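Student:
There are 2 protein chains.
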Amino acid sequence: MKVERSVQNPIILPDNVKASRDDFEVHYVMNCGVTRFEGDVLLLLRVAETPINNDPNVALAPYFNEESGKVEVKSFDKNDERIKFDDPRFIEAPWDRILTTISHLRVARSKDGINFEVEDSPAMYPANKYEEFGIEDPRITKLGDTYYINYSSCASIGVTTCLATTKDFKNFERKGVIFTPDNKDVAIFPKKINNKYVALCRPASAEYKKREIWISESSDLVGWGNHKQLVSVNETEWDNGRIGCSAVPFLTEKGWVEIYHAADENDRYCLGALIMDKDDPTKILAKSSKPIMEPTASYEKWGFYGPVIFLCGCLVEDNTVKLYYGAADTSVCYAEIKLDDIYSELNYY
Amino acid sequence: MKVERSVQNPIILPDNVKASRDDFEVHYVMNCGVTRFEGDVLLLLRVAETPINNDPNVALAPYFNEESGKVEVKSFDKNDERIKFDDPRFIEAPWDRILTTISHLRVARSKDGINFEVEDSPAMYPANKYEEFGIEDPRITKLGDTYYINYSSCASIGVTTCLATTKDFKNFERKGVIFTPDNKDVAIFPKKINNKYVALCRPASAEYKKREIWISESSDLVGWGNHKQLVSVNETEWDNGRIGCSAVPFLTEKGWVEIYHAADENDRYCLGALIMDKDDPTKILAKSSKPIMEPTASYEKWGFYGPVIFLCGCLVEDNTVKLYYGAADTSVCYAEIKLDDIYSELNYY
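These protein sequence lines map, in sequence, to chains A and B.
Here the first sequence is numbered in the numbering used here, starting from -3 and rising by one per residue.
Here the second sequence is numbered in the numbering used here, starting from -3 and rising by one per residue.
(1) Using only CA atoms, which one of Asn27(A), Ala195(A), Cys266(A) and Asn146(A) lies nearest to aspartate 346(A)?
(2) For a cutoff of 8 Å on Cβ pairs, would you count isoleucine 211(B) as touching chain A?
(3) Taking C-beta to C-beta, are valine 244(B) and proline 186(B) nearer than 8 Å?
(4) How about phenylalanine 300(B) and histidine 257(B): do their beta carbons lie closer than 8 Å?
(5) Would you kindly report the start and end of the unbroken beta strand (DSSP E) that includes leucine 335(B)?
(6) Based on Cα-Cα distance, which residue from Leu226(A), Gly221(A) and Ala44(A) lies nearest to threonine 278(A)?
(7) For proline 118(B), which three-state DSSP category applies?
(8) Could you check the C-alpha separation between lysine 125(B) and lysine 283(B) for me, to the nearest Å?
(9) When the Cα of methionine -3(B) is compared with those of Asp116(B), Ile333(B), Lys80(B) and Val25(B), which residue comes out closest?
(10) Is it buried or exposed for aspartate 116(A), if we count other Cβ within 10 angstroms and need 16 for buried?
(11) Taking only heavy atoms of the ligand FMN into account, decide whether any of them is closer than 7 Å to the Cβ of glycine 302(A).
(12) For threonine 176(A), return the contacting residues in chain B, with the cut-off set at a CB-CB distance below 8 Å.
(13) Please confirm whether valine 155(B) has its beta-carbon closer than 8 Å to some beta-carbon of chain A.
(14) So which residues of chain E does aspartate 216(B) contact, with C-beta pairs closer than 9 Å?
(15) Between tyrosine 204(B) and chain A, is any beta-carbon pair separated by less than 8 Å?
(16) Do you know offhand how far lysine 188(A)'s Cα is from aspartate 314(B)'s?
(17) For chain B, check one thing: does any of its Cβ atoms lie closer than 8 Å to the Cβ of glycine 172(A)?
(18) How long is the line joining the alpha carbons of isoleucine 87(B) and tyrosine 204(A), rounded to whole angstroms?
(19) Write down the C-beta distance between aspartate 216(A) and glycine 237(A) rounded to the nearest angstrom, noting that I regard them as a contact closer than 8 Å.
(20) Would you kindly report the start and end of the unbroken alpha helix (DSSP H) that includes glutamate 296(A)?
(21) Short of 9 Å Cβ to Cβ, which residues in the segment 139 to 168 of chain B face chain A?
(22) Keeping to the same chain, check which residues put their C-beta closer than 7 Å to that of arginine 85(B); ignore five residues upstream and five downstream.
(23) Put asparagine 191(B) into one of helix, strand or coil per three-state DSSP.
(24) Might you give, ordered along the chain, the residues of its own chain that have their beta carbon closer than 6 Å to the beta carbon of valine 312(A), omitting 5 neighbours on each side?
(25) For aspartate 76(B), which of Ala89(B), Ser99(B) and Ser228(B) has the nearest alpha-carbon?
(26) Does the count of Cβ pairs from the segment 318 to 332 of chain A and the segment 5 to 12 of chain A closer than 8 Å reach three?
(27) Give me the DSSP bridge partner(s) of histidine 100(A).
(28) Is the beta carbon of threonine 31(B) less than 8 Å from the beta carbon of tyrosine 147(B)?
(29) Can a CB atom of chain A be found closer than 8 Å to the CB of arginine 42(B)?
(30) Does arginine 93(A) come within less than 8 Å of chain B when only Cβ atoms are used?
(31) Apart from the five residues just before and just after serine 64(B), which ones in its own chain have a Cβ nearer than 7 Å to its Cβ?
(32) Does the separation of the CB atoms of cysteine 197(A) and serine 212(A) fall below 8 Å?
(33) If leucine 267(A) sits next to methionine 289(A), beta carbons under 8 Å apart, how far is it from one beta carbon to the other, in whole angstroms?
(34) Quick check: what's the CA-CA separation for threonine 46(B) versus arginine 102(B)?
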């Protein structure tokens, strides 16, 4: 697969993003929704922050406190042997499990699609108990003149997917939880099919440890049902750990194309592609047997958490898939793949 | 709490139920939906079967095979040390995790509410990949002239809740999966509230190990959204393990009454009660601080899996709550509690 990475990668680094408050620092910026807005390329970035910490004996963890209505900070004793600090993403105490960072969503805009201006303030910030540990990995779907944004909400009561709408990327209206715990990596199709809205989602089975792609339908974008399991993990491949939808699906003459992500048992995240039937997206017409893109660049292999490529959206222009992706859970990068190159590497059923 | 158990308990035993096929035996009969139908008390029983097994060296496990369209049997070598047989409900091999029984739904009817005639054939039988390991724990909600039946579907792709409808308890129409994995213990309210259907559900968070009661709404009974976490487990009580809805909520002058179940960390299942606001059931007005019913009778303590009381439905007649419940995952039992007795033991907020 011919993947053209931008020579300017990473195109957005944590240093390019202003912290939301003086006592926090931006730890990483990554998985972003993408759309065209007023002619610009608009990214809705996931910005992850940590409290500034000058004490080597404690670990600090941010969270939204429903009672105070504010993001506050918990402190954990690094010398307490009951507490696990080995995964950089979590602190696990017998009485608590908390993320080390809290994410919010931030708008960035660009004329040329490479050089971005990042807004100084958050677009959406954790604001309720479902968003206790932050809001993550937004997808943007335009329906009519409204942009529907779904994002993962992390909380001790579970990981849900929430919906919000905007028309101007300044004012956002929350529409509540659309998928019960745990369910994330949701992407809403940009067009009704057979008079129903359709979305891909990725429920996690607590009992059976499965993390796979499902497909759901809705008559009003709030209530989702008729859920069907769509794509399984493989037992012996690059996608044998978990598999989930990434980009918002886009319609081509071959059907609905989905650029998805999958991880192996070592949590190495790659991208794959599949094609769903135009009129019945529960039918898979073609699918990658190997990744269309793997974390091979240094900025994809090393960072806060790598090797990882993670995508939440793409633009499709001039038969080119323009990928704005998170690299090693640290930065935003850009790459292009020709649609024909994707087509030629799929297995057709 | 004054609980009047029937002196005829258990009112339905596995021996009272004919196996669905010659090579299977009924292992237990339990958690049943309940409604009035044509003047009778109608129970929709969960009947769990195992393959008849005369070989002490193997364990047999039934499952619906999507390719053949039939329930088939897998065999596991009891001398294989890699396989775990210690939980009577599961067989866990490194390559497989399967239930030891497969459940279907069966109709039983009674004139007096105690002596039941159990039909000879299943009402609903596992029939698709979501139902691979059986269908369980039905709730019946009457809306208009249609009975809506939701049930837990167990499969290696996850535990979902599915919906079916019937008007005659002979013909059942499947409406698909209404909640993504893992989500079970769903009960649909028997009346629209503010022009929306409402249901309680119990998602399981794989990440945060929570199993709690949520509340969801729908405009068409198929698509469910605006999910809200409703009732938490306690840290130090009889309900510190998991908590889920049990009976279909019923409306009284005090609001919507829900008889729910909770288990402590040792999986001892009891019943509690709570009252939700009539017009806004996301508001809890009152709740049990201790169980309204505990597994104290011998048939509730000892059986396939105990001590367990598990309820999927009740009738409310003459200010009496008539409980048809599963006892020790083995039999169906009957008890009555006066509504006033429940009221007097709740904590009001």
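All C-beta atoms, glycine included, are put in the ideal place defined by N, C-alpha and C.
Quick caveat, the model's predicted, so the values are computed rather than measured.
Tutor: A quick look at the data gives this:
(1) The first residue shown for chain A is -3 and the last is 345, placing residue 346(A) beyond what the model contains.
(2) Residue 211(B) sits at position 215 when you count from the first residue of the second sequence. Cβ-Cβ to chain A under 8 Å: no for isoleucine 211(B).
(3) Position 248 of the second sequence, counted from the first residue, corresponds to residue 244(B). Position 190 of the second sequence, counted from the first residue, corresponds to residue 186(B). Yes, the Cβ-Cβ distance between valine 244(B) and proline 186(B) is below 8 Å.
(4) Numbered from 1 along the second sequence, position 304 holds the residue referred to as residue 300(B). Numbered from 1 along the second sequence, position 261 holds the residue referred to as residue 257(B). Cβ distance not < 8 Å, so phenylalanine 300(B) and histidine 257(B) don't count as in contact.
(5) Taking the second sequence and counting its residues from 1, one reaches residue 335(B) at position 339. First-last for leucine 335(B): 335 to 341, but that is the alpha helix (DSSP H), not the beta strand (DSSP E).
(6) Here residue 278(A) refers to the residue found at position 282 of the first sequence. Residue Leu226(A) is the option with its Cα nearest to threonine 278(A).
(7) Taking the second sequence and counting its residues from 1, the one referred to as residue 118(B) is at position 122. In the structure shown, proline 118(B) sits in coil (DSSP, three-state: anything other than H, G, I, E or B).
(8) For this step, residue 125(B) is matched to residue 129 along the second sequence. For this step, residue 283(B) is matched to residue 287 along the second sequence. The alpha-carbon atoms of lysine 125(B) and lysine 283(B) are separated by roughly 38 Å.
(9) Translated into the one-based positions of the second sequence, residue -3(B) becomes position 1. That would be Ile333(B), whose Cα lies nearest to the Cα of methionine -3(B).
(10) Translated into positions along the first sequence, residue 116(A) becomes position 120. Exposed, by the Cβ-count rule.
(11) In the structure shown, the ligand FMN is absent, as is every other ligand, since no ligand is present at all.
(12) Sequence index remark: in the first sequence, residue 176(A) carries index 180 (1-based). By Cβ distance, chain B contributes Phe175, Thr176, Asn179, Cys197, Pro199, Trp210, Ser212 and His223.
(13) Translated into positions along the second sequence, residue 155(B) becomes position 159. Between valine 155(B) and chain A, the shortest Cβ-Cβ separation is below 8 Å.
(14) In the structure shown, chain E cannot be found, because the protein chains are A and B.
(15) On the second sequence, position 208 is the one that residue 204(B) refers to. Under the 8 Å criterion on CB atoms, tyrosine 204(B) is classed as interfacial with respect to chain A.
(16) Residue mapping note: residue 188(A) aligns to position 192 of the first sequence, counting from 1. Residue mapping note: residue 314(B) aligns to position 318 of the second sequence, counting from 1. Rounded to the nearest angstrom, the gap between the Cα atoms of lysine 188(A) and aspartate 314(B) is 49 Å.
(17) Against the first sequence, residue 172(A) aligns to sequence position 176. It does: the Cβ of glycine 172(A) has a partner Cβ on chain B nearer than 8 Å.
(18) As a working mapping, residue 87(B) is identified with position 91 in the second sequence. As a working mapping, residue 204(A) is identified with position 208 in the first sequence. Cα to Cα, isoleucine 87(B) sits roughly 13 Å from tyrosine 204(A).
(19) Here residue 216(A) refers to the residue found at position 220 of the first sequence. Here residue 237(A) refers to the residue found at position 241 of the first sequence. Your pair aspartate 216(A) and glycine 237(A) does not check out as a contact, with CB atoms roughly 34 Å apart and the cut at 8 Å.
(20) Position 300 of the first sequence, counting from 1, holds the residue named residue 296(A). That run of the alpha helix (DSSP H) goes 294 to 297.
(21) For the segment 139 to 168 of chain B, which is checked against every Cβ of chain A, the residues closer than 9 Å are Cys150, Ala151, Ser152, Ile153, Gly154, Val155, Thr156 and Leu159.
(22) Here residue 85(B) refers to the residue found at position 89 when the second sequence is read from its first residue. Cβ within range, chain order: Leu95, Thr96 and Tyr301.
(23) Working through the second sequence from its first residue, we reach residue 191(B) at position 195. Here asparagine 191(B) sits in coil by DSSP.
(24) Translated into positions along the first sequence, residue 312(A) becomes position 316. Only Phe246 meet the Cβ criterion.
(25) The residue given as residue 76(B) occupies position 80 in the second sequence. Put simply, of Ala89(B), Ser99(B) and Ser228(B) the residue whose alpha carbon is nearest the alpha carbon of aspartate 76(B) is Ala89(B).
(26) Counting Cβ pairs under 8 Å, three or more are found: they touch.
(27) As a working note, residue 100(A) is residue 104 in the first sequence. Answer is Val43(A), bridged to histidine 100(A).
(28) Here residue 31(B) is taken as the residue at index 35 of the second sequence, counted from 1. Here residue 147(B) is taken as the residue at index 151 of the second sequence, counted from 1. Not closer than 8 Å, so no.
(29) For the purposes of this step, residue 42(B) is taken as residue 46 along the second sequence, with counting starting at 1. Chain A has no Cβ within less than 8 Å of the Cβ of arginine 42(B).
(30) Here residue 93(A) corresponds to residue number 97 of the first sequence, with the count starting at 1. It does: the Cβ of arginine 93(A) has a partner Cβ on chain B nearer than 8 Å.
(31) Working through the second sequence from its first residue, we reach residue 64(B) at position 68. Within the same chain, no residue comes within 7 Å of serine 64(B) by CB-CB distance, once the 5 residues on both sides are set aside.
(32) Working through the first sequence from its first residue, we reach residue 197(A) at position 201. Working through the first sequence from its first residue, we reach residue 212(A) at position 216. Remark: C-beta atoms of cysteine 197(A) and serine 212(A) approach each other more closely than 8 Å.
(33) Within the first sequence, the letter at position 271 stands for residue 267(A). Within the first sequence, the letter at position 293 stands for residue 289(A). Separation of the CB atoms of leucine 267(A) and methionine 289(A) is rounded to 4 Å, and the pair is thereby assigned contact status at 8 Å.
(34) Counting from one through the second sequence, the residue named residue 46(B) turns up at place 50. Counting from one through the second sequence, the residue named residue 102(B) turns up at place 106. Here the alpha carbon of threonine 46(B) sits roughly 16 Å from the alpha carbon of arginine 102(B).
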